[in-house]
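Letter by letter, the sequence shown follows residues 197 to 340 of the working numbering. Worksheet: one structure, shown below.
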Amino acid sequence: MDKLTKEQRRKNMQAVKSKGSKIETALAKELWASGYRYRKNNKSIYGKPDLTFAKYKIAIFVDGEFWHGKDWELKKNEHKSNQDFWFTKIERNIERDKEVNKKLLSEGWKVLRFWGKEIEKNLRTCKEKIVDTINEVKKENSER
């Protein structure tokens, strides 16, 4: 049984943003403060990555653990209500993430995905992973 009433659950779900979440904003601000310029939610790139560095063909996704099914096989039975809906929804999100990764990689993009908690707990480490990827691409480009 759900711990919240239907009305409380509805309000919680309505408050979830598809872009501009706190964790996405924290990562973006950390990169901006370090002098890195990016584009947010670029619709012209397949999968609409949360952040993109088009010059370096780097796509960054910030994935919420619930919506993108972190540890899905272990946690899927935690859903107590409306299981058919949630199983279908989250499993489709997982599949879509794989499709987006595959397509972007085939187009020569580097794809970085971060879990929300990973950013909350290790913001600087996540930023460094992005910076390392940018530097790696710069090096590859200069060798051509």
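Just so it is clear, CB atoms sit at the ideal spot from N, CA and C, and this is done for glycine as well.
Distance check for residue j and residue i, CA to CA, integer angstroms please.
i, j, result
"ASN278", "GLU203", "15 Å"
"LYS313", "ARG320", "13 Å"
"GLU339", "ILE330", "14 Å"
"THR248", "GLU291", "21 Å"
"ASN337", "LYS325", "18 Å"
"ASP341", "TRP268", "Residue 341 falls outside the range modelled here, since the chain spans only 197 to 340, and no answer is possible."
"ALA224", "THR201", "35 Å"
"ASN238", "TRP305", "14 Å"
"ARG235", "LYS317", "24 Å"
"GLY231", "SER217", "21 Å"
"VAL296", "ARG309", "11 Å"
Out of the options, state which residue places its alpha-carbon closest to the alpha-carbon of residue i.
i, options, result
"ALA250", "GLU226, LYS199, THR201, VAL307", "VAL307"
"ILE256", "GLU291, LYS199, SER338, ARG233", "ARG233"
"TRP282", "ARG340, LYS317, HIS264", "HIS264"
"GLU332", "ILE254, SER217, ILE290", "ILE254"
"ASP259", "ASN289, SER230, ASP280", "ASN289"
"LYS266", "THR248, ASP280, LEU247, ASP293", "ASP293"
"LYS199", "ALA229, GLU274, LYS334", "GLU274"
"ASP328", "LYS317, GLU295, TYR252, VAL296", "TYR252"
Rounded to the nearest angstrom, how far is the Cβ of residue i from that of residue j, given a contact under 8 Å?
i, j, result
"LYS323", "GLU261", "About 20 Å separates the two Cβ atoms, so there is no contact after all."
"ILE219", "ILE315", "5 Å"
Which residues bound the beta strand (DSSP E) around residue i?
i, result
"GLU306", "The residue you asked about is not Glu; residue 306 is Lys in the sequence shown. Here the beta strand (DSSP E) through LYS306 covers 306 to 311."
"ILE254", "254 to 259"
"THR248", "247 to 249"
By the DSSP assignment, the alpha helix (DSSP H) with residue i in it spans what residues?
i, result
"THR321", "319 to 339"
"ARG288", "279 to 302"
"GLU220", "218 to 229"
Compute every distance between the C-beta of residue i and the non-hydrogen atoms of the ligand SAH, then say whether any falls below 7 Å.
i, result
"LYS266", "No copy of the ligand SAH occurs in the structure displayed, which carries no ligand at all."
inquiry  = Contact between the region 299 to 306 and the region 242 to 249 is defined here as three or more beta-carbon pairs at a separation below 8 Å; is this criterion met?
reply    = At 8 Å Cβ cutoff, the stretches touch.
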